[in-house]
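Counted from 1, the sequence shown has number 602 at position 579 by our numbering; the numbering is strictly sequential. Backbone N, C-alpha and C fix where the C-beta goes; we use that ideal spot for every residue, glycine too. Because the structure is a prediction, the values reported are computed rather than measured.
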Amino acid sequence: MDHHFTDFMDGPQKSLPFIPPYRWSCLHMTVLQCSCLCSTTVSYSGGPRSLGPLFWGSWEPADKRKKDAKPKPRLYSENYVLFGFTSTSADPPQPQGFFCGEILANNSMKPAHLQRHQSTKHSKSVGKTEEFYKRKSSEFKSRQNVMMKTTSVSNKALEASYAVSLLVAKSKKPHSIVEELVLPMAEIMIHKEAADTLKKIPLSNNTVSHRIDDMSVNIIEQVVKKIKKAGQLALQLDEMTDVSGDAQLLAFVRYKDVSDINEHILFCKKLPGKTTGEQMFQIIDIFFKEHDLQWKTCGHICTDGAAAMTGSVKGLFGHVKKVNPDIKWLHCIIHREALASKRMSPDLSDVMDDAVKVIHFIQSRPLTHRLFETLCDESGTEHGQLLLHTDVHWLSLSVFLTQHQHPLALVFEDAEWVGRLAYLAEIFTKLNELNLSLQGKESHILKMYDKIKGFTKKLKLWENKCDDGDVSCFPLLDSHLATTDVARGPVVKLVQAHLSKLCMDFNQYFQDIEKKSEGLEWVRNPFIVSESCRKLHARLQEHLMDLSCDQGLKMTYDEKTLAEFWCDVEKEYPELGKHALIELLPFGSTYMCEVTFSALTHIKTKQRNRLDVENSLVAAVPTLSPELSKQHHFMFNLS
Numbered sequence: 024m025d026h027h028f029t030d031f032m033d034g035p036q037k038s039l040p041f042i043p044p045y046r047w048s049c050l051h052m053t054v055l056q057c058s059c060l061c062s063t064t065v066s067y068s069g070g071p072r073s074l075g076p077l078f079w080g081s082w083e084p085a086d087k088r089k090k091d092a093k094p095k096p097r098l099y100s101e102n103y104v105l106f107g108f109t110s111t112s113a114d115p116p117q118p119q120g121f122f123c124g125e126i127l128a129n130n131s132m133k134p135a136h137l138q139r140h141q142s143t144k145h146s147k148s149v150g151k152t153e154e155f156y157k158r159k160s161s162e163f164k165s166r167q168n169v170m171m172k173t174t175s176v177s178n179k180a181l182e183a184s185y186a187v188s189l190l191v192a193k194s195k196k197p198h199s200i201v202e203e204l205v206l207p208m209a210e211i212m213i214h215k216e217a218a219d220t221l222k223k224i225p226l227s228n229n230t231v232s233h234r235i236d237d238m239s240v241n242i243i244e245q246v247v248k249k250i251k252k253a254g255q256l257a258l259q260l261d262e263m264t265d266v267s268g269d270a271q272l273l274a275f276v277r278y279k280d281v282s283d284i285n286e287h288i289l290f291c292k293k294l295p296g297k298t299t300g301e302q303m304f305q306i307i308d309i310f311f312k313e314h315d316l317q318w319k320t321c322g323h324i325c326t327d328g329a330a331a332m333t334g335s336v337k338g339l340f341g342h343v344k345k346v347n348p349d350i351k352w353l354h355c356i357i358h359r360e361a362l363a364s365k366r367m368s369p370d371l372s373d374v375m376d377d378a379v380k381v382i383h384f385i386q387s388r389p390l391t392h393r394l395f396e397t398l399c400d401e402s403g404t405e406h407g408q409l410l411l412h413t414d415v416h417w418l419s420l421s422v423f424l425t426q427h428q429h430p431l432a433l434v435f436e437d438a439e440w441v442g443r444l445a446y447l448a449e450i451f452t453k454l455n456e457l458n459l460s461l462q463g464k465e466s467h468i469l470k471m472y473d474k475i476k477g478f479t480k481k482l483k484l485w486e487n488k489c490d491d492g493d494v495s496c497f498p499l500l501d502s503h504l505a506t507t508d509v510a511r512g513p514v515v516k517l518v519q520a521h522l523s524k525l526c527m528d529f530n531q532y533f534q535d536i537e538k539k540s541e542g543l544e545w546v547r548n549p550f551i552v553s554e555s556c557r558k559l560h561a562r563l564q565e566h567l568m569d570l571s572c573d574q575g576l577k578m579t580y581d582e583k584t585l586a587e588f589w590c591d592v593e594k595e596y597p598e599l600g601k602h603a604l605i606e607l608l609p610f611g612s613t614y615m616c617e618v619t620f621s622a623l624t625h626i627k628t629k630q631r632n633r634l635d636v637e638n639s640l641v642a643a644v645p646t647l648s649p650e651l652s653k654q655h656h657f658m659f660n661l662s
């Protein structure tokens, strides 16, 4: 009886003759070994060479040789135009159908493939003349050139639209100024084709407004990003009422950047209802939460002395203290200087009131103002314009008031009254010079402390000089007393009393400055070892000793600003540099807010009293420029 079995390999079943058991066992082992060996040959990553050259030689699978071979790129032939194809400028070139614009792979650059595409998708074009195909190819290329040119013009127009909108914002002009003035001017000055090109730039009133909004958002995003990177910030806050009666809360921020301390506008928000400290806090808190800023990173707030700002319970500072107990408040130094110089004795106050009345009489009437200028020109007076604190010589005022029979003309005949006026003119000139020295961007707090300390010492000097009967520090007064018969004693005594009161008031309003300033001598000049450094931690004192002997950084100290210098120090002495920069970070005044409020009055006029000024202000007074493009791809909404 025959025995059959099924072959173990894939394929059709076969009938085999009977094989004895011992032979079957040998056959089974032989076949199994060959099967495993073949499997190893195909799957082994090292190839069959790893099994030894004696057994396999240099054999490699055909599939591997075919896979490793890099296909040769196919080139375009002019004859392919008869199939409805041109080529792209890519490397390698790709066939592109000029009937449909479809782009195929390079390996499809074969007559059979192209012909199949034509017969399948563009059967109506089969059998046309060669001129027909060439004409269609030429039309397709022309359309491509127009599209490329249009795209190029659109990108340039978009870039120009943002750039011009930024200039409009900085000029604080109405957003319609470009459409109403610039484009008509261009049409007159240049030929029509160029003017038509300019008209393609989107510069309508709404478009410029949208562009300014986009740029202001981008600027604030940059500022917030830098604040988060710095980890510490200081705020400057002030409030004012605009032309439409809306209360505006303005905030500036100061933070450490890469190589300097920068300050930038943070927001300008309208205050609803009453301008209470709670409302101000809520506006700032909402802004912080929207931009993921932490109150603990805010170390100082600088404001004026209004109760809504400074109140320890209901004021803004009281609410901020609840979320950040370590925060410190600074009263604007410029505001304190104005308060300290405000008080005068009745004798001097009466003279000031009379002088103000005279100025108002002249300035309030256009005719009298013009006549006064003429009088000043004829008499050779240096100044012809009157301000509240005027440098115009009082003799010109006396002559003018006498001609107009004004009752105040008589006071100019009183030599003692004129002497007091001379002193007031000079002392207010000196106070004004101090005020101007405290103003300016990026004026750090140590510099402002120095200015106040210097002026306080001069007040004491002037007082001591007057005690000796010497008024040479006030040339106008000294000249008047020397050329008139007025009694010198009473005038000098009055001046001395006023200087003494000024000195007292300055010491009262700036009583903390001396102590704070002395404790920061090491920040002002780390190369002079002073008592102030003894209050530092021992490790910081060690770093300060190393720094004081670093000649390379000493050269940097002489060449750069104080903030820039400490930014350089932070790179070599991180802990010491960071500590110094924290001391330089606070605002010393609300100067930036005052300047920006001036810009606000130019932006929000009676004719534009419904304008939301925040975005316009951010774009008008930035220290950062908006990121208009990144490799010609604009970041903003293209509406």
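The three-state reading of DSSP puts L647 in coil, since its state is none of H, G, I, E or B. Under a 10 Å Cβ-count criterion, N638 is classified as buried, with 16 or more other Cβ atoms of the shown protein chains found around its own Cβ. A straight line joining the alpha-carbon of S100 with that of K147 spans about 23 Å. In this structure, the alpha-carbon of E439 lies about 22 Å from that of K365. F121 carries a coil assignment under DSSP once its states are collapsed to helix, strand and coil. Between P118 and S131, the C-beta gap is smaller than 7 Å, which places the two residues in contact.
For I284, the enclosing beta strand (DSSP E) covers residues I284 to L294. I306 is not a Cβ neighbour of K297, given a cutoff of 7 Å. In this structure, the straight-line span from the alpha carbon of N285 to that of R277 is close to 6 Å. Between V231 and H198, the C-beta spacing is below 7 Å. Following the DSSP letters along the chain, one finds E101 in no beta strand (DSSP E), marked with neither H nor E. For the set N129, D114 and Y156, the Cα lying nearest the Cα of F106 is the one of Y156. Excluding its 5 nearest sequence neighbours in each direction, L563 has C-beta neighbours in its own chain below 6 Å: L599, listed in chain order. Under the three-state reduction of DSSP, A128 is assigned to coil, being neither helix nor strand.
Between the stretch 534-548 and the stretch 485-501, the count of C-beta pairs closer than 8 Å stays below three; the two stretches do not touch. A residue is called buried when at least 16 other Cβ atoms come within 10 angstroms of its Cβ; G463 does not meet this threshold and is exposed. Between the stretch 567-575 and the stretch 314-332 there are fewer than three inter-stretch CB-CB distances shorter than 8 Å, so the stretches are not counted as touching. Secondary structure note for C526: its alpha helix (DSSP H) is the uninterrupted segment R511 to Y532. The beta carbon of L256 is closer than 7 Å to those of I250, V276, R277, Y278, T320 and C321 in its chain, skipping five residues each way along the sequence. A direct Cα-to-Cα measurement between L260 and K223 gives close to 42 Å. Between I357 and L459, the C-beta gap is not smaller than 7 Å, which leaves the two residues out of contact. In this chain, the beta strand (DSSP E) harbouring T326 covers C321 to T326.
In the displayed model, D261 falls within a strand according to three-state DSSP. W352: not part of any alpha helix (DSSP H); member of the beta strand (DSSP E) spanning K351 to H354, first to last residue. A contact is defined here as three or more CB-CB pairs under 8 Å, and the stretch 606-618 fails this definition with respect to the stretch 213-221.
Between K483 and L457, the alpha-carbon positions lie close to 16 Å from each other. According to the DSSP secondary-structure assignment, L256 is paired through a beta bridge with Y278 and C321. Only exposed fits D437, as fewer than 16 other CB atoms lie within 10 angstroms of its CB.
If you draw a straight line from the Cα of G442 to the Cα of F610, it is about 40 Å long. Comparing alpha carbon positions, the residue from A510, Q519, A363 and S502 closest to I475 is A363. Judged by DSSP in its simplified three-state form, S460 adopts helix. Between I242 and L647, the CB-CB gap stays under 7 Å.
The C-alpha of T111 lies about 23 Å from the C-alpha of N178. Looking at the DSSP output, A603 bridges to nothing. Membership of S540 in any beta strand (DSSP E) is not indicated; the residue belongs instead to the alpha helix (DSSP H) covering I536 to E541.
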